[in-house]
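J.: I'd like to ask some things about the structure below.
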């Protein structure tokens, strides 16, 4: 009886040990297997941006199946990018043609020589209400423009017969940026009427004056919409390609990241800044992984802006 009990106890102990080992070893093996699968998946794409983007999407938490679908969209954008870059300079983009496809536009205020911009900047916008019905400065901080200035605004107001809409902004404590490049310092939301038929006309209908404490710089303005990086009238695989490439490079090769955005705003003051602000598709003042996740849903047709 004693031997039988000892063997039974020994058997139970061995079984318990096997179960304990299985409980720890199987998940570890599964994780290792998944890592090998993901590594093989990334290697299946062309060396360079495709591999960077595939790895980045997996790191964001997308499954291999989800990443495959997004990479198919990405490759469509790769195919179209050369054509889009040409169209951006052709004057035949949707926004510059006979109509505007997105009713919600923004105007960016740009300092043309950032290293000379210090102290206070006052900007006064106005427009004919038969073309632009409202102008409202956004007080959300755009943290990626590297300015520490504080914004105060008058809010939209009208002349006596409501034929002109105004909004004034004061940027205080502006600090010189360590470069002479042009930088966006603030943005305002625009609502326009059906009389506006192109983005070029929208830009022409905005009047502005300004004063600056600093010398050596001027203020320029440019219009844009959120999400549409190539400015062709909608968010599609071309925009997805650009933002996915930018964010993937930012993680691995940050010195080359901006180049991915240098096509949609060519010929406009501060093109990279405008692209980054436009790419802030969730409009929280930051360009980050959350924007990429939302871009993926919009580009895949799962979400409408």
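In mature numbering (1 follows the signal peptide of the UniProt record, and there is no 0), the protein residues as written are -30 to -1, 1 to 275.
Using N, Cα and C, we set each Cβ at its ideal position, and we do this for glycine too.
Under a three-way DSSP split, which group does residue 246 fall into?
T.: Translated into positions along the chain shown, residue 246 becomes position 276. Looking at residue 246 - three-state DSSP - the assignment turns out to be helix.
J.: Closer than 8 Å to a non-hydrogen atom of the ligand SAH - does that hold for the CB of residue 77?
T.: The ligand SAH is not part of this structure, which contains no ligands at all.
J.: Check whether the segment 203 to 223 touches the segment 170 to 188, counting contact only when three or more Cβ pairs, one atom from each stretch, lie closer than 8 Å.
T.: At 8 Å Cβ cutoff, the stretches do not touch.
J.: Under the three-state reduction of DSSP, which class applies to residue 27: helix, strand or coil?
T.: Translated into positions along the chain shown, residue 27 becomes position 57. If DSSP states are grouped into helix, strand and coil, residue 27 belongs with the helices.
J.: Taking DSSP's pairing of strands, which residues face residue 182 in a bridge?
T.: One-based indexing of the chain shown puts residue 182 at position 212. Answer is 91.
J.: Judging by CA-CA distance, which residue of 107, 210, 79 and 74 is the nearest neighbour of residue 46?
T.: For the purposes of this step, residue 46 is taken as the residue at position 76 of the chain shown. Answer by Cα proximity: 210.
J.: Work out the CA separation of residue 48 and residue 13 for me, nearest whole Å.
T.: For the purposes of this step, residue 13 is identified with residue 43 of the chain shown, where counting begins at 1. For the purposes of this step, residue 48 is identified with residue 78 of the chain shown, where counting begins at 1. Taking the straight line from one Cα to the other gives about 18 Å.
J.: If you draw a straight line from the C-alpha of residue -1 to the C-alpha of residue 33, how long is it?
T.: Your numbering for residue -1 matches position 30 in the chain shown. Your numbering for residue 33 matches position 63 in the chain shown. The alpha-carbon atoms of residue -1 and residue 33 are separated by roughly 15 Å.
J.: What's the C-alpha gap between residue 85 and residue 25?
T.: Here residue 85 refers to the residue found at position 115 when the chain shown is read from its first residue. Here residue 25 refers to the residue found at position 55 when the chain shown is read from its first residue. Spanning the two alpha carbons is a distance of roughly 37 Å.
J.: Look at residue 124 and residue 90 and say whether their C-beta atoms are less than 9 Å apart.
T.: Within the chain shown, the letter at position 154 stands for residue 124. Within the chain shown, the letter at position 120 stands for residue 90. Not in contact: residue 124 and residue 90 (Cβ atoms no closer than 9 Å).
J.: Rounded to the nearest angstrom, how far is the Cβ of residue 99 from that of residue 132, given a contact under 8 Å?
T.: Position 129 of the chain shown holds residue 99. Position 162 of the chain shown holds residue 132. Yes, they are in contact, since the Cβ atoms of residue 99 and residue 132 sit about 6 Å apart, within 8 Å.
J.: Which residue marks the beginning of the beta strand (DSSP E) containing residue 192, and which one marks its end?
T.: Position 222 of the chain shown, counting from 1, holds the residue named residue 192. Unbroken beta strand (DSSP E) run through residue 192: 189 to 194.
J.: Alpha carbons only, please: which of 204, 234 and 126 is nearest the one belonging to residue 139?
T.: Taking the chain shown and counting its residues from 1, the one referred to as residue 139 is at position 169. Selected option, being the one with the closest Cα: 126.
J.: Exposed or buried, what is residue 44 when buried is set at 16 or more other beta-carbons lying within 10 Å of its beta-carbon?
T.: The sequence position of residue 44 within the chain shown is 74, counting from 1. Buried is the call here.
J.: Beta-carbon within less than 6 Å of residue 146's beta-carbon, same chain only, minus the 5 sequence neighbours each way: which residues are those?
T.: For the purposes of this step, residue 146 is taken as residue 176 along the chain shown, with counting starting at 1. Closer than 6 Å at Cβ, skipping near neighbours: 85 and 88.
J.: Just the Cα atoms here: how many angstroms apart are residue 239 and residue 251?
T.: Along the chain shown, one-based indexing puts residue 239 at 269. Along the chain shown, one-based indexing puts residue 251 at 281. Roughly 21 Å separates the two Cα atoms.
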